[in-house]
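Trainee: Once you've had a glance at the structure underneath, I'll fire off some questions.
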Amino acid sequence: MTQDESRDKQVSLLFSEDEIAKRVTALAREIAASEPSRLLVVIVLKGGFVFGADLIRALALEGVQLEIEFISLASYGSQLETSGEVQVRRDIEVAVSGRDVLIVDDVLDSGLTLKFARDLMQSRGAGRASIATMIDKPEGRRTEIEADYVGFTCPNYFVVGYGMDAAHAWRELPYVGVLGPTSSEAG
Ligand code: IMP
Ligand code: MG
Numbered sequence: 574m575t576q577d578e579s580r581d582k583q584v585s586l587l588f589s590e591d592e593i594a595k596r597v598t599a600l601a602r603e604i605a606a607s608e609p610s611r612l613l614v615v616i617v618l619k620g621g622f623v624f625g626a627d628l629i630r631a632l633a634l635e636g637v638q639l640e641i642e643f644i645s646l647a648s649y650g651s652q653l654e655t656s657g658e659v660q661v662r663r664d665i666e667v668a669v670s671g672r673d674v675l676i677v678d679d680v681l682d683s684g685l686t687l688k689f690a691r692d693l694m695q696s697r698g699a700g701r702a703s704i705a706t707m708i709d710k711p712e713g714r715r716t717e718i719e720a721d722y723v724g725f726t727c728p729n730y731f732v733v734g735y736g737m738d739a740a741h742a743w744r745e746l747p748y749v750g751v752l753g754p755t756s757s758e759a760g
């Protein structure tokens, strides 16, 4: 699917801005209650950047001090199917040894990406390495992994918005939607 084909589809609302904001606040409270030590938030690019941006501010309101790093991992390209192989395209720039790390991503689907990220942080000597994902799609799982903090669990839909894309389109939507039929097909 090209970006133009993706833009030609309709997006139907799944989780609204309000619902998302409430979940982010609730997750920040849970994370704060775990009393993380020297917390390093590792945001997985590109999809995790919107959730990450909201979550760090919600954490600040809960009194949690943290540092932010970014990692870019690739397993998808612009396809809707994962290849099974995960590569580091851009690494974090600090040592994680002895620190609690919170890995933040948009979707936990097959689990390959986040399992890779967590294993990487643990192999580098992180303290607790936890995972926060906006969307959990348990039906897609191909490896044994669960997130510690989940925004919403949903069936095997292809979701877009709030950082999530389909062929590089729709990341900018402030809500989470499901990609539907092309506009010309729908009434
Ligand atoms: P994984 O299959 O758990 O490794 O997920 C890999 C990546 O695929 C996620 O971080 C997302 O960026 C992307 N992805 C998986 N499902 C969706 C979806 O429904 N919409 C948008 N991106 C997705
Ligand atoms: Mg991603």
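Position in the sequence shown (from 1) plus 573 gives the number in this note's numbering. Glycine residues also receive a C-beta, built at the ideal position from the N, C-alpha and C atoms.
1) In the DSSP assignment, find the beta strand (DSSP E) that holds Ala-647 and state where it starts and stops.
2) What number of angstroms, rounded off, separates the C-alpha of Thr-716 from the C-alpha of Lys-688?
3) Which stretch, first to last residue, makes up the beta strand (DSSP E) that contains Asp-679?
4) Please classify Arg-630: is it buried, with 16 or more other beta-carbons within 10 angstroms of its beta-carbon, or exposed?
5) How would you label Ala-601, buried or exposed, when you count the other beta carbons within 10 angstroms and need 16 or more for buried?
6) Report, in whole angstroms, the separation of the C-beta atoms of Gly-734 and Val-749, which I expect to be a contact under 8 Å.
7) Tell me whether Leu-628 is buried or exposed, calling it buried when 16 or more other Cβ atoms sit within 10 Å of its Cβ.
8) Using 7 Å as the cut-off, classify the Cβ of Met-694 as near or not near the heavy atoms of the ligand IMP, replying yes or no.
9) Within the continuous beta strand (DSSP E) that includes Phe-731, where are the two ends?
Mentor: The relevant details are as follows:
1) Along the sequence shown, one-based indexing puts residue 647 at 74. Residue range 640–647 is occupied by the beta strand (DSSP E) that includes Ala-647.
2) Position 143 of the sequence shown, counted from the start, is the residue given in the question as residue 716. Position 115 of the sequence shown, counted from the start, is the residue given in the question as residue 688. Taking the straight line joining both Cα atoms gives about 8 Å.
3) Walking along the sequence shown from the start, residue 679 turns up at place 106. That run of the beta strand (DSSP E) goes 674–681.
4) On the sequence shown, residue 630 is found 57 positions in, with the first residue counted as 1. Arg-630 is exposed by the Cβ-count criterion.
5) Within the sequence shown, residue 601 is the residue found at index 28, counting from 1. Ala-601 is buried by the Cβ-count criterion.
6) Here residue 734 corresponds to residue number 161 of the sequence shown, with the count starting at 1. Here residue 749 corresponds to residue number 176 of the sequence shown, with the count starting at 1. The Cβ separation is near 5 Å, so the contact holds.
7) Position 55 of the sequence shown, counted from the first residue, corresponds to residue 628. Buried: at least 16 other Cβ atoms inside 10 Å.
8) Against the sequence shown, residue 694 aligns to sequence position 121. Answer for Met-694: no, Cβ out of range of the ligand IMP.
9) Position 158 of the sequence shown, counted from the first residue, corresponds to residue 731. Segment: none, Phe-731 is in no beta strand (DSSP E) and carries neither H nor E.
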